[in-house]
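Only one structure is covered here, and it is reproduced in the block below.
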Amino acid sequence: MQESDDIVLSVEGLKVYFRSEDEVARAVDGVDFEVRRRETVCLVGESGCGKTVSALALLGLVPRPPGEIAGGRVRFCGEDLLDRNEAAMETVRGRRIGMVFQEPQTSLNPVFTIGEQVAEPLRIHLSLPEPEIRERSLQLLNDVGIDSPGQRLSDYPHQLSGGQRQRVMIAMALACGPELIIADEPTTALDVTVQAQILRLINRLQQSHGMSVLYITHDLGVVSQIADRVYVMYAGVIVETGAVEQVFRNPRHPYTQALLESLPSRKKRGRRLYSIPGTVPHPAYKPAGCPFHPRCPRAIAACRAQVPGMCAFDDHHVARCPVAAGRSFFDP
Amino acid sequence: MSPEVTALASGLEEPPAPKRTRFEEAWRLFRRNRMALAGMVIFALFFFSAVIGLALTSGSRPLFDPSLVRLQEKLRPPLSTPHLESLTPEYRPVVGVYLCGTDDLGRDVFARMLQGAWVSLTVGFVAVGISVAIGIFMGGLAGFYGQRHIRLEQLLVTAVLLTGAGLLAAGLRSWGALLLAAGHAWLFWSISPWGLQRRKTLPAGLRFLRKNTLMVDTVIMRFVDVMLCFPSFFLILTVVALLPASIYNIMIVIGLTSWEGTTRFVRAEFLSLREQDFVAAARALGVSNLRIIFRHMVPNAVAPVLVSATIGIASAILTEAGLSFLGFGVPPPHATWGNILSDGKRFIFDAPWLTFIPGAAILIVVLAFNLFGEGLRDILNPRLRERN
Chain A
4 MQESDDIVLS VEGLKVYFRS EDEVARAVDG VDFEVRRRET VCLVGESGCG
54 KTVSALALLG LVPRPPGEIA GGRVRFCGED LLDRNEAAME TVRGRRIGMV
104 FQEPQTSLNP VFTIGEQVAE PLRIHLSLPE PEIRERSLQL LNDVGIDSPG
154 QRLSDYPHQL SGGQRQRVMI AMALACGPEL IIADEPTTAL DVTVQAQILR
204 LINRLQQSHG MSVLYITHDL GVVSQIADRV YVMYAGVIVE TGAVEQVFRN
254 PRHPYTQALL ESLPSRKKRG RRLYSIPGTV PHPAYKPAGC PFHPRCPRAI
304 AACRAQVPGM CAFDDHHVAR CPVAAGRSFF DP
Chain B
7 MSPEVTALAS GLEEPPAPKR TRFEEAWRLF RRNRMALAGM VIFALFFFSA
57 VIGLALTSGS RPLFDPSLVR LQEKLRPPLS TPHLESLTPE YRPVVGVYLC
107 GTDDLGRDVF ARMLQGAWVS LTVGFVAVGI SVAIGIFMGG LAGFYGQRHI
157 RLEQLLVTAV LLTGAGLLAA GLRSWGALLL AAGHAWLFWS ISPWGLQRRK
207 TLPAGLRFLR KNTLMVDTVI MRFVDVMLCF PSFFLILTVV ALLPASIYNI
257 MIVIGLTSWE GTTRFVRAEF LSLREQDFVA AARALGVSNL RIIFRHMVPN
307 AVAPVLVSAT IGIASAILTE AGLSFLGFGV PPPHATWGNI LSDGKRFIFD
357 APWLTFIPGA AILIVVLAFN LFGEGLRDIL NPRLRERN
């Protein structure tokens, strides 16, 4: 099939549990998503809903113990990633999947120069001759919009501003020409103006390098700017997915609706901002049935009893809420 | 474009961060600490005099001969001129006077101090080098792999290999060789791809071999506690009494008994560094564990190690001097500060310079290293740095 060749990353039923002495935290509890070629996919959700853990699990970076991949499959360009051992994963990380982290302040090693750090992925994955490494590092810094890159190569991280550091992190993730970039809230720690620049940069690089981006964020404003498709996550499961216009114009799941309702906007000026009652359930003590039912204004008795399945609304617009779909709970 | 316009245009860009390297920053802070600066100057002087001293006191015809005996010139005070009429030219001191006097055999104390400086320097550096190497290795292991468990099979292999080596040493060649070969075969099998495949499907009867026993961290850190329980000077005394007296044995023994502090420092640093974002970022770039440990974490962990090493050099020098003073150190014809002191103590009232000069040298050098180490600690500690 044409479409399946187009899928860079597909995750099916991924489960990541953290075991401690007397409880099991089900941080990611059966997550499915896919990223196609040249597509930006956003994973949205509140803090602690399992976004970052899902991303780390893709790269085999969940600390084990206490973490544990309890099930599911991760296919990257047709290859199974969860089956691979550590040495085989090292050839995927940084080379075929790049990752950008949340905190540019602390994600660079303070004792090495920018040049050494940008060159590191080139050195370990491509083993190029030294002059070429330098040339490529310069090119990378140039690509991510750093002024006078030649001078910056010999600077230390503390001499750079937050935005510049995040640009360096992006350059490192791009270094080996990966097929997929995972960006884990790369703009959360930055000012709004810098955030806009970084988002534009990611967009531009995606166009020019023809790669896919899995963008993890809790910021719906960011999602509306960059995403092609959205996955909304709640308590370790995907609750709604669709094209970004579908989800934003016509949210189906009560959780997505509540999230959008709680965004400040001009229309809501002067009114009290909506906030979702209650808190996110602890991953070790999730309620039975739909994890959102204790906070859901539309919950019915059946929501408590059974985990709802995915219900299709429009073309590719799916939400985990039979109530919204006006369907009997027990339909497939 | 006029210069003003370019200045304005460049002013619109992000202002550059202050262009100062970490080294310049550190040096600026270090200079303010007078005591530490004095310590460093003395350390440098000591270093050069020890190196020059080695050149001047060794060889077949040294400029300063530390073992040249002039019995007629014994116990001359410092700066005294020799009785030229009683000495043949080659017995006269090079500079015309006995700079630090002579001892009970008429040997030039200055020459002996120079020779001893080299001993102190090498003992200090080699012993600390050994202890820091062991400390970084053990601390790194405990800090990075500490949460892993040692499996029963690993304990058994170690036991088999040790017994094999023991039997070999005891003369039971065939049994020892057999056990060693068996142990190695087991090791090779367990790391071969075939063994790795099979280990998931181990028969039920052998499953107990994969049982986890102690944590790596527990084993290493409790061993450190045990080592710290021994009064280390007496441990060194015991070991040195059993081994042939030689300067190398002393260096090794001091090194092998002083790595515990470094291990604790490195472990603590690694435990916090392991959770740092840049380690996670390096891992996401596909950097291997070994490279993460040695290239990303060790350079970040050396600051406290450097400090404890500097102070460790001082205590190694002191330990060596103590051993030599007690007669367990470097064998006699060779001079060290400890045995000059020890030889001189019989004449403490007649020739006080024989005890005073080496004593003062030990005091000054040890003090200098301690001050230097504390100065380093202050500039490397960011919390103290802010106060300045």
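Chains as they are written, first to last, in my numbering: chain A, 4 to 335; chain B, 7 to 394. Where is the CB? At the ideal position from N, CA and C, for every residue including glycine. Note that the coordinates shown come from a computational prediction; the quantities given were computed from them, not determined experimentally.
- Asp384 (chain B) sits in a helix when the DSSP states are folded into three classes.
- Scanning chain B for C-beta atoms nearer than 7 Å to the C-beta of Val114 (chain A) yields Pro305 and Asn306, reported in chain order.
- The three-state reading of DSSP puts Arg29 (chain A) in strand, counting E and B together.
- The DSSP assignment places complete beta strand (DSSP E) segments of no fewer than 3 residues inside the stretch 219-251 of chain A at 232-237 and 240-246, in order along the chain.
- Within the same chain, Val163, Val166, Leu167 and Gly170 come within 7 Å of Gly189 (chain B) by CB-CB distance, once the 5 residues on both sides are set aside.
- Per DSSP, Asn255 (chain B) is one residue of the alpha helix (DSSP H) stretching across Ile253 to Leu262.
- In this structure Lys271 (chain A) is exposed. Its beta-carbon is surrounded by fewer than 16 other beta-carbon atoms within 10 angstroms.
- Apart from the 5 residues on each side of it in sequence, Val27 (chain A) sits with its Cβ closer than 8 Å to the Cβ of Tyr20, Phe21 and Ala287 in its chain, given in chain order.
- Comparing C-alpha distances from Phe300 (chain B) to each of B:Val57, B:Leu93, B:Gly145 and B:Leu249 shows the shortest one belongs to B:Gly145.
- Chain A has no Cβ within less than 9 Å of the Cβ of Arg216 (chain B).
- Under a criterion of Cβ atoms nearer than 7 Å, the residues of chain B adjacent to Thr109 (chain A) are, in order, Gln282, Asp283 and Phe284.
- Remark: C-beta atoms of Val235 (chain A) and Gly48 (chain A) approach each other more closely than 9 Å.
- The C-beta distance from Val38 (chain A) to Cys80 (chain A) rounds to 11 Å, too long to meet the 8 Å contact threshold.
- Leu329 (chain B) sits away from Leu347 (chain B), with the two beta carbons spaced by 9 Å or more.
- Beyond the five residues adjoining it in sequence on each side, His296 (chain A) comes within less than 8 Å, by CB distance, of Pro290, Ala302, Cys306 and Arg307 in the same chain, given in chain order.
- Non-local C-beta neighbours of Phe36 (chain A) in its own chain, meaning closer than 6 Å and more than five positions away in sequence, comprise Val14 and Tyr234, ordered along the chain.
- The three-state reading of DSSP puts His320 (chain A) in strand, counting E and B together.
- Put simply, the backbone Cα of Gln108 (chain A) is about 9 Å away from that of Gly166 (chain A).
- For Thr244 (chain A), no CB of chain B lies under 9 Å from its own CB, so it is not counted at the interface with that chain.
- Boundaries for Phe115 (chain A): no alpha helix (DSSP H) harbours it, and the DSSP string shows neither H nor E there.
- Less than 9 Å divides the Cβ of Ser294 (chain B) from the Cβ of Glu93 (chain A).
- Boundaries of the alpha helix (DSSP H) harbouring His212 (chain A): Val195 to His212, taken from the DSSP string.
- In this structure, Glu42 (chain A) sits near Ser215 (chain A), with a CB-CB distance shorter than 9 Å.
- With its beta carbon at least 9 Å from every one in chain B, Gly239 (chain A) lies outside the interface.
- Counting C-beta atoms within 10 angstroms of its own C-beta, Arg82 (chain B) has 16 or more neighbours from the protein chains shown and is therefore classed as buried.
- Annotation for Gly101 (chain A): the continuous beta strand (DSSP E) segment containing it runs Ile100 to Val103.
- Note on geometry: alpha-carbon atoms of Arg298 (chain A) and Pro280 (chain A) lie some 6 Å from one another.
- For Ile127 (chain A), the chain B residues whose Cβ falls inside 9 Å of its Cβ are Leu291, Gly292, Val293, Ser294 and Arg297, in order along the chain.
- In terms of beta-carbon proximity, Ala90 (chain A) lines the interface with chain B, with at least one pair separated by less than 9 Å.
- Here the stretch 67-86 of chain A makes no contact with the stretch 138-145 of chain A; the two share fewer than three CB pairs at distances below 8 Å.
- Take the alpha-carbon of Leu217 (chain A) and the one of Ala60 (chain A): they are about 13 Å apart.
- Burial of Gln249 (chain A) is indicated by the presence of at least 16 other C-beta atoms within 10 angstroms of its C-beta.
- Looking at the backbone, the Cα of Ser126 (chain B) and that of Ala61 (chain B) are separated by about 15 Å.
- Apart from the 5 residues on each side of it in sequence, His161 (chain A) sits with its Cβ closer than 7 Å to the Cβ of Pro113 in its chain, given in chain order.
- Interface criterion not met: the Cβ of Ala274 (chain B) is under 9 Å from no Cβ in chain A.
- Residues of the same chain with a CB within less than 7 Å of the CB of Leu147 (chain B), apart from the 5 flanking positions on each side, are Val222 and Ile226 in chain order.
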